[in-house]
Amino acid sequence: MPGKLKAKIVAGRHLPVMDRASDLTDAFVEVKFGNTTFKTDVCPKSLNPQWNSEWFKFEVDDEDLQDEPLQITVLDHDTYSANDAIGKVYIDIDPLLYSEAASVISGWFPIYDTIHGIRGEINVIVKVELFNDLNRFRQSSCGVKFFCTTCIPQCYRATLVHGFVEELVVNEDPEYQWIDRIRTPRASNEARQRLISLMSGELQRKIGLKVLEMGGNAVVGYLQCFDLEGESGLVVRAIGTACTLDKLSSGSAPNTNTHMHPNTAPASNACNSPSKDGKEPVFVEDLPSSSGPPTPFRALPTSSSPPPFSPSKPCSRQSSSSDTDLSLTPKTGMGSGGSAGKEAGPLRTLLRQQTQTALEQREFPFFTLTSFPPGFLLHVGGVVSARSVKLLDRIHNPDEPETRDAWWEEIRQEIKSHARALGCHAVVGYSESTSICEEVCILSASGTAAILNPRYMREGCLDIGCTDHRFEEPSPPNCGFCHIPYDELNMPFPAQLTYCYHCRRQKVPDVLFTTIDLPSEAAVAGKGCLIQARLCRLKKKAQGEANATAISNLLPFMEYELHTQLMNKLKLRSMNALFGLHIQISVGENMLLGLASATGVYLTALPAPGGIQIAGKTPGDLSSEHISSIQKRINDTIAVNKELYQINPPELAEEGVGSPIPEPRHRSRLFRSHSESSDELSELDLSHGKKDAFVLEIDDTDAVEDIHSLLIDAPPPTGFYSCNTENMPGISNWTSGVQMFTSVRVLRLSNANLTNQGLNKIFTDLCENLLKSFYFKLRSMIPCCLCHLNFTVAVPEEELIQVTVTAVAMTYDKEQTQEKTAEKPINKGSLEAEEQLQFPLELCADSSSSNIQTASKISGVGESTNMSPRAASVDYGSFADRCSTWLELLRLKAHTIRRGSVKTSRRTQSLAHSVSSLERCSPLQEGRSRSLRSSRSFGGSSVTVVKMTPLSFLPGTRIIKYLGIINMFFIRETTSLREEGGVSGFLHSFIAEVFAMVRAHVAALGGNAVVSYSMKECVFMENPNKNQAQCLINVSGDAVICISETDQESSASTANTGQTGGSETDGAT
Amino acid sequence: MSVELDVFVGNTTIMDEEVYQLWLDGYTVNDAVKVRMEGGVMDECEASKDVLLSDTMDQYRTFQMCERLLHSPAKLANQLLFQIPPHRQIMLIERYYAFDDTFVREVLGKKLSKGTKKDLDDISAKTSVTLKSCRRQFDNFKRVFKVVEELKGPLVENIRQHFLLSDKLARDYAAIVFFANNRFETGKRKLQYLSFQDFAFCAGQLISNWTVGAVDNMVEDMDEHAFQTLPSLRGKTKVFIEMEGSFKNLSRGLINIAAKLTNTKDVRDFFIDLVEKFIEPCRSDRWSAADMKLYLTHYTNSAHILDTFKHQVVWDRYMGVVKSCIFKMYHD
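Top to bottom, those sequences are chains A and B.
Terminal number for the first sequence in the UniProt record's numbering: 1069, no gaps in between.
Terminal number for the second sequence in the UniProt record's numbering: 332, no gaps in between.
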């Protein structure tokens, strides 16, 4: 489909003064697409120019339409010297290329300069006309929709989930080309911005092609990343999940998919899903442990790069201790293979086989989604992850990025094999990341091994609703996913299994770690909370291979430590599952940083966690008083946390837990040392009741430190909760308050001789202090929850640690929550299924929507979200016209004023009178041409309010339209750092500018919110001695139109048309 | 180990009104932190001093970035950089343009020039308003003055529209601008007892009754025609002068003041004249405010009795203002 791109430049405002003499600017605009450039006339001597240009038309291939951005440059005309650039606007026209998204881009865009930041705004209208051309060999993929959201988008229905798509493109980084030595920083930055924009366009197009090949029409969970490899080049890579999506007619209530809408209480509507997973005999599921080949290090053969170091390792092991006294679980009737004699059995098996084969045919049965339609996820095995250390070399042939492809291929293979070892055929919540320092690069991938429902995989069985019901016995949907998927005789790792505390029929692990969101149907007790493990490890400075070896040697230890910390902190909070686990390992010249974040939760299907027990290595090693005081503190903390997170799991009589509990009392031990000290363990039985306890052994001061560090994690202050997942376990009644924020902190380690312990402390404090700052700043929103807390760590230079956090604070209704939690414990045992049948199964769609509605009704839903989109922009055109006539009159007036000081005659006065009265009635008129900047906008703000959130939803609202993906890359540089307020001032204004540009683009598309927003990259470099700094930021998200839940459809449509219409007229006049 | 960089940016700009006030009052970051600590904000969220410092710095930076926009408040509504809810915008503007009465009393009637700006440190010392705050207030006066100077139309309305201020604040600014433009003398010792609000009230009277609105032609707008005729009153009012000894002087005083209004230079002394020629004599005679009111009312009305007096309208217009000014100014 070749197309015609049309752009019109309407006006500018707030332009900077470019001509010192007159304090004015002679601005004109260049509009460039591909190799074609158009220019507007010069609008002389104005800071608020009105160009009102003709339509500039570009006739282009759709391939170019997808790759290229529209480039708008605003310049100051200079008769005698070169024209000065004021700034640029890049407009990604991709959203115009598919019919369901935006139809026009129209609005005010900030004019951005990489050296000066935002300098005024420009009003632009862009349209695209596509012609149909069914070329079989086409290279474009117009029409494929992209979503950053990691669940099925709200107003769509997934009829088929095709699976994993990935692609990467490489290029030389303009910053490192020879020409960079002779060009200005501005030119270099712009070259880079443009290149990255082109590359991401190309990448998106190529992924789109793959999707079309697979028969899909959309990519969900699209994750695009940049690797700035420095000398060796620039890599842009992306992964996503190809799907076939059906648009729900806008009138219909949100359908089943919205079950995943986190608005709906995880527990409360657990059952409107006609899910049928439960009973699966074969797969019972278990802990997080990832299997993984026993050898943590495996040299992977790579063709190109010098020495391949690939210490990839399953990341989360339940407990890495060697001797969990776990004996073989007595075999019950539900062994592997054996289908427990239900009539559904054979069918199931058949189905399973189908799925398995369907999935196995795929190279990578991976899904970047983190939440799923109910029933999609049958069982969860645990976290699987792989890391590999590589040495970068120059990318010789950008068109054949084979090396990088091969690297990722290896990692994915490994993930796949880990998943298989866990008895799973798929990996969900999959993501990939890199950390680069000089020429060393750590590639990481992680996901959650899982067994999926075949329905979504098979063609011809698209109806999500109820077809499968007939041969699947409805089983407790709220525990099914916890059942272990692997064969308990061949457990891939030591784990302790018990019968599910819900259905009592299947085995569950004692702890579950996953990278996905808490399934909406899961039954939880109390609230969740953010759990972080933080770790620093010093490393010797080294070059090349030696460096890579050192890093790969350190990695397994770091993973182990992080895992131990997570486990301890989880127990300390009396929880038994982690969701949204994300482990980041960042490499610097002389240290490695590890940060694991997850949301802890108490799953009622899993056994209650045991306490933590402290033991001295040898009795008398440390005074027993000391130990018992620590023990007491720990026990107190656990008690306090139970209270805090309202964890009151349904009390179950120990006897009730089905007979064959493998080992009623065993404990897993965690040893600090390798000494064979298990026998010497002092048998302090301080554990909670009969529950199994986790033993921490104190054998040296390090251990004491570690325990202290466990305890210093301050709980959030009253009124605050935090999590890093989409939905907060235990809170669902959101009110309308939403505040997205980004915070960056860089710490300089001045002390040269730091130990690992010291560093750990510093790093932990850094993270804790950040959280404290957030709580303090957002205290006006109490009661509130920080959701989707996303921490990113980096070591930009030696001795610098950078932590970047993006999150959203959302208010909720406290009263409601309490009620809810109060009633929650009722859901217990087998009663649950029936209880929840109060939501009729067949009405699942309705029930979910009514749920949402009640929630929002109670919360008194947000007027703030409900801004009138019609208040959108200003009517500049007509204003200009009126101004010009007024200008003459005013000029006349000014003249008389100048002359007539005292001696003005009566006549002038009366003129003045009449003018003034006129002025009164039209507030548009202002005295001077300079002040044309309008005072009219007061009252109704002329700027559309755009909300941003890293979540896939906005509380109290419903998304009625996805307008396209936002994917922007900015560079900002300064050579006057001090004058801009130092590094903090510089970065503060840059981040504010990035937000402003994102909002402007969304508003121009006709949207009023960005969901699934994320800041993928924030690379900050400074050179205070030279008074310079540079920063790169990459952000992405989905532009949407959302309306208040309480609004009726009618208002939705008017809002919609009103908005686009409004913005159109505002430009067109 | 030190924090090299620390920023927090919200999609909706977060602003604490308390910190904003501290910033406006010219506190340094450290002083502001101290004030906040004393205010007990730390207890609210288990905050530490570091947290408070970091928060204060963030907010100060935000305010500094906003300051540019606050200089032309209309921009604040359609700028894209900060997403600030409208009610917050109003608060920001209103507080930014708020001023200390003690400070403005010092500069009232002075030329808003560089010279005056140089003396701000003295004023700062005298009024114990921080220098930073003095500068902001002074620059605000100047900015408003500059913008409305060339505008036609009612002064208050112009200020309100351009700077999006509340009615009260716009009126005060109108008074300041009016005083600065006409350079009314307010600094004399005899006038020291008058507060800014007294002057602001008088200015309001003068502006609404004696001008057509714009600052520039204020002087000529003072209805020179009308006032030129006033001297002719002199003879005609003699009829009443017999009433009391002081009456004669007072009446003459008022009429002289009126006559002087035709001359720009003498206009400056309007207030000092009112005090010297009228208020002080009355005060020394221990007139009560009620006496004063009675006297002025009758005095004004009596002119109507004179058949020969042809300038009833002008007389009312003049006396109306003078009367209300004197009421306002007649206190200790």
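Yeah, the Cβ is synthetic: ideal placement off N, Cα and C, and Gly gets one too.
Starting from Y602/A, follow its DSSP beta bridges and name the residues at the other end. A525/A
Mind reading off the beta-carbon distance from K88/A to I72/A? Whole number of angstroms is fine, and I expect it under 8 Å. 6 Å
Name the two residues that bound the continuous alpha helix (DSSP H) containing L24/B. E17 to L24
Using a Cβ-Cβ cutoff of 8 Å, what residues of the region 106 to 125 of chain A are near chain B? List them in chain order. W108, P110, I118 and E121
Where the alpha helix (DSSP H) through R136/B begins and ends: L131 to E149
Would you list the residues sitting across from D1038/A in a DSSP beta bridge? I965/A and V1011/A
When you compare each of I516/A, D517/A, R20/A and F481/A to C500/A by their alpha carbons, which one comes out closest? F481/A
Interface residues of the region 74 to 88 of chain B facing chain A [CB-CB below 8 Å]: A74, K75, A77, N78, Q79, L80, L81, F82, Q83, P85 and P86
Spatial neighbours of L644/A within its chain, please: CB distance less than 7 Å, with the 5 preceding and 5 following residues excluded, ordered by chain position. P715
According to DSSP, simplified to helix, strand and coil, what is E798/A? coil
Excluding the 5 residues flanking D316/B on each side, which residues of the same chain have their C-beta closer than 6 Å to its C-beta? none
Quick check on E625/A: does DSSP put it in helix, strand or coil? helix
Would you call the region 5 to 13 of chain A in contact with the region 42 to 62 of chain A, where contact means no fewer than 3 C-beta pairs closer than 8 Å? yes
Would V29/A and T37/A be called neighbours here (beta carbons separated by less than 8 Å)? no
Between which residues of its own chain and F327/B is the CB-CB distance below 6 Å, once the five residues before and five after are set aside? none
Hey, is G235/B's beta-carbon within less than 8 Å of any beta-carbon in chain A? Here the model assigns G235/B a pLDDT of 46, short of 50, so the residue's position is not dependable, and the following value carries that caveat. It does not: the Cβ of G235/B has no partner Cβ on chain A nearer than 8 Å.
Hey, E1017/A and G956/A are a contact pair by Cβ (cut 8 Å); roughly how many whole angstroms apart? Not quite, the Cβ-Cβ distance comes to about 31 Å (not below 8 Å), so this is no contact.
Members of the region 768 to 783 of chain A near chain B, C-beta cut-off 7 Å: N769, K772, S773, Y775, F776, K777 and R779
Looking at chain B, which residues of the region 730 to 763 of chain A have a Cβ within less than 7 Å of any of its Cβ atoms? Q739, M740, F741, T742, S743, V744, R745, V746, L747, R748, L749, S750, N751 and I762
Just to check my reading of the structure: C148/A and S1036/A have Cβ atoms closer than 8 Å, yes? What is that Cβ distance to the nearest angstrom? 5 Å
I1041/A at chain B interface by Cβ criterion, 8 Å: no
Mind checking if A226/B is an interface residue toward chain A, Cβ cutoff 8 Å exclusive? With a pLDDT of 43 at A226/B, under the threshold of 50, the modelled position of that residue is not reliable, and no figure is offered here.
Where does T885/A land, buried or exposed, given buried means 16+ other C-beta within 10 angstroms? The predicted model places T885/A with a pLDDT of 37, which falls under 50 and marks its position as unreliable; any figure quoted below should be read in that light. Exposed, because fewer than 16 other Cβ atoms sit within 10 Å of the Cβ of T885/A.
Thinking L554/A and A533/A are a contact (beta carbons under 8 Å), I'd like their distance in whole angstroms, please. With a Cβ gap of about 16 Å, L554/A and A533/A do not count as contacting.
Give me the Cβ distance between G447/A and I415/A, rounded to the nearest whole Å; I'm assuming they're in contact under 8 Å. 6 Å
With DSSP collapsed to three states, give me the class of W51/A. coil
Among the candidates S1014/A, K761/A and R978/A, whose CA atom is the shortest distance from the CA of N1023/A? R978/A
Unbroken alpha helix (DSSP H) run spanning R504/A, endpoints: Taken as a continuous stretch (DSSP letters only), R504/A belongs to no alpha helix (DSSP H), as it is neither H nor E.
Within-8 Å CB hit, M65/B to chain A: yes
If we count the other Cβ atoms within 10 Å of its Cβ and call it buried at 16 or more, is S321/A buried or exposed? Residue placement at S321/A is poorly supported in this model, since its pLDDT is 31, which falls under 50; the coordinates still yield a value, given next. The residue in question, S321/A, is buried, as its Cβ has 16 or more Cβ neighbours within 10 Å.
Below 8 Å between beta carbons: does that hold for N1008/A and I1041/A? yes
Run the CB neighbour count on Q838/A, radius 10 Å, all protein chains shown included, and call it buried at 16 or more, exposed below. Only weak support is given to the placement of Q838/A: the predicted model assigns it a pLDDT of 32, under 50, and the value that follows is read from those uncertain coordinates. Exposed: under 16 other Cβ atoms inside 10 Å.
Going along chain B, which residues have a C-beta under 7 Å from L800/A? E4
Going by CA-CA distance only, name the one from K190/B, D121/B and K323/B that's closest to D269/B. K190/B
Measure the C-alpha to C-alpha separation of G34/A and E59/A and round it to an integer number of angstroms. 10 Å
Can you say whether V313/B is buried or exposed, counting buried as having 16 or more other CB atoms within 10 angstroms of its CB? exposed
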